[in-house]
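The structure appears below as structure tokens.
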Amino acid sequence: MPSQQDDPPVSEAEIKQENDDGIDSVLVVGAGTMGSGIAQVVAEAGLRVAWYDTSATAVETGLGRIEAAWRRGIEKGRRSEAEVAAFRPRIVPAVDVAVAAATADLVIEAIVEERPVKRSLFGMLSESAPARAILASNTSSLSITEIAGATERPGQVIGLHFFNPVPVLPLVEIVRGLRTSDDTVERSVALCLRLGKTPVVVNDAPGFVSNRILMPMINEAIVTLSDGVATREAIDDVMKLGMAHPIGPLALADLIGLDVCLHILDTLQNDFGDDKYRPAPLLRRMVAAGLLGRKSGEGFYRYDRER
14 MPSQQDDPPV SEAEIKQEND DGIDSVLVVG AGTMGSGIAQ VVAEAGLRVA WYDTSATAVE
74 TGLGRIEAAW RRGIEKGRRS EAEVAAFRPR IVPAVDVAVA AATADLVIEA IVEERPVKRS
134 LFGMLSESAP ARAILASNTS SLSITEIAGA TERPGQVIGL HFFNPVPVLP LVEIVRGLRT
194 SDDTVERSVA LCLRLGKTPV VVNDAPGFVS NRILMPMINE AIVTLSDGVA TREAIDDVMK
254 LGMAHPIGPL ALADLIGLDV CLHILDTLQN DFGDDKYRPA PLLRRMVAAG LLGRKSGEGF
314 YRYDRER
């Protein structure tokens, strides 16, 4: 069993792909924003994608979202018609997740951030997927070790935390669970390099590295706003112009989704038992009011939902 004390988090950005990762067919489970982005980048890398969601309509919507992204790429000269024509047939909707898993070399889950739902899915995938298949979760904060505990193959369960927007942001946070094997980590690193991403390997802990650092900053920005210290624009400008952040914390919260931010902060507070992660009351009120950020058309800022 790999020891989390003996294997501290290390960056894999400069690791060269030396061996075939054995991954040609990928099943993506979930057709929301993250699932759509993952399906897109996997297809663009030349791999076959089976795409499943409990809602067939969600997959159709996701395909439309990907097609729109490709059309924009053509219009801006970043993609050719020939490239896009090659991408399209690589993504095939799946009607039965267990059947699709049976021929997948890798499954990437991007469904609702609820432990019981993820554990149930991974238990089924463990029974359905081929013996050497990797079972990956795109969770942004939940324990990979706990998810793996629902399977008969914890050594092949790993976190592949992509960042939104997936086709644009280069980082993938690869999360090693307590029993994740070295082979699974190495193959996952190689896969991320094939996708044109920069993999960084971290150990399993609440929020991993990214959200353990990011979410308290966003939360404090919300408290600063609610305390009347500064306007939303001033808070974001301070971080952009003074700290060289490409986007301010309030605008970033809108991009991530205020409901997602709230869920991650709740997870951090519950798992650590530390009030420094307690969500700002304003954040909780905004989520209750349906002000979720870009996805709902309004959060800390207002957005054109057709964009």
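Position one of the sequence shown corresponds to residue 14 (the working numbering), numbered consecutively onward. Every residue, glycine too, gets a C-beta built ideally from N, C-alpha and C. Keep in mind that this is a model prediction, so the values were computed, not measured.
Beta-carbon proximity of residue i to residue j, cut-off 7 Å
i: VAL300; j: ASP272; result: yes
i: ILE157; j: ASP217; result: yes
i: VAL188; j: VAL213; result: no
i: GLU199; j: PHE221; result: no
i: GLY261; j: LYS253; result: yes
i: SER133; j: GLU165; result: no
i: THR211; j: LEU191; result: no
i: GLY136; j: ALA115; result: no
i: LEU268; j: ARG225; result: no
i: ASP49; j: ILE87; result: Residue identity differs from the one stated: residue 49 is Ser in this sequence, not Asp. Contact: no.
i: LEU6; j: GLY270; result: There is no way to answer for residue 6, as the model of the chain reaches only from 14 to 320.
i: LEU278; j: PRO292; result: yes
Where residue i falls: helix, strand or coil (DSSP)
i: HIS258; result: coil
i: GLY310; result: coil
i: PHE175; result: strand
i: LEU182; result: coil
i: GLU80; result: helix
i: THR46; result: helix
i: SER24; result: Confidence is the limiting factor: at SER24 the pLDDT is only 38, short of 50, which leaves the residue's position unreliable and the question unanswerable from this model.
i: ALA111; result: helix
i: PRO143; result: coil
i: ILE124; result: coil
i: LEU227; result: helix
i: ALA58; result: coil
i: ALA163; result: coil
i: TYR290; result: helix
i: ILE248; result: helix
i: SER239; result: helix
i: PRO219; result: coil
i: ARG297; result: helix
i: LEU138; result: helix
i: ILE36; result: coil
i: LEU271; result: helix
i: SER150; result: strand
i: ARG192; result: coil
i: ALA264; result: helix
i: ARG103; result: helix
i: ARG85; result: helix
Contacts around residue i, its chain only, beta-carbon distance under 8 Å, and the 5 residues preceding and following it disregarded
i: ILE51; result: VAL41, ILE121, ALA123, ASN151, PHE175, VAL179
i: HIS276; result: GLU126, SER154
i: ASP118; result: GLY35, ILE36, ASP37, SER38, VAL39, PRO143, ARG145, ALA146, ILE147
i: THR197; result: ILE147, GLY168, GLN169, VAL170, ILE171
i: GLY303; result: SER309
Cβ shell of residue i (< 6 Å), same chain only, five flanking positions each side left out
i: ALA266; result: ILE231, CYS274
i: GLY209; result: none
i: ALA340; result: Residue 340 falls outside the range modelled here, since the chain spans only 14 to 320, and no answer is possible.
i: SER239; result: LEU295
i: VAL55; result: VAL39, VAL62
i: SER223; result: GLU186
Assumed close pair residue i, residue j - CB separation to whole angstroms, cut-off 8 Å
i: ALA63; j: ALA113; result: 4 Å
i: GLY172; j: ALA149; result: 7 Å
i: TYR314; j: PRO229; result: Their Cβ separation, rounded to whole angstroms, is 21 Å, which puts TYR314 and PRO229 out of contact at 8 Å.
i: PRO106; j: ALA69; result: 7 Å
i: ARG128; j: GLU159; result: 7 Å
Residues near residue i by beta carbon distance below 7 Å, same chain, minus five either side
i: GLU57; result: PHE100
i: ALA111; result: MET137, SER141
i: GLU94; result: ILE87
Quiz item: Touching or not, the segment 244-253 and the segment 269-283, by the rule of three or more beta carbon pairs under 8 Å?
Solution: Verdict: no, contact absent.
Quiz item: Are there three or more Cβ pairs, one per stretch, closer than 8 Å when the segment 74-84 is compared with the segment 92-108?
Solution: Here the segment 74-84 lies against the segment 92-108, with 3 or more beta-carbon pairs under 8 Å apart.
Quiz prompt | Validate contact between the segment 222-242 and the segment 200-207 using beta carbons, cut 8 Å, 3 pairs | solution = The segment 222-242 vs the segment 200-207: no contact.
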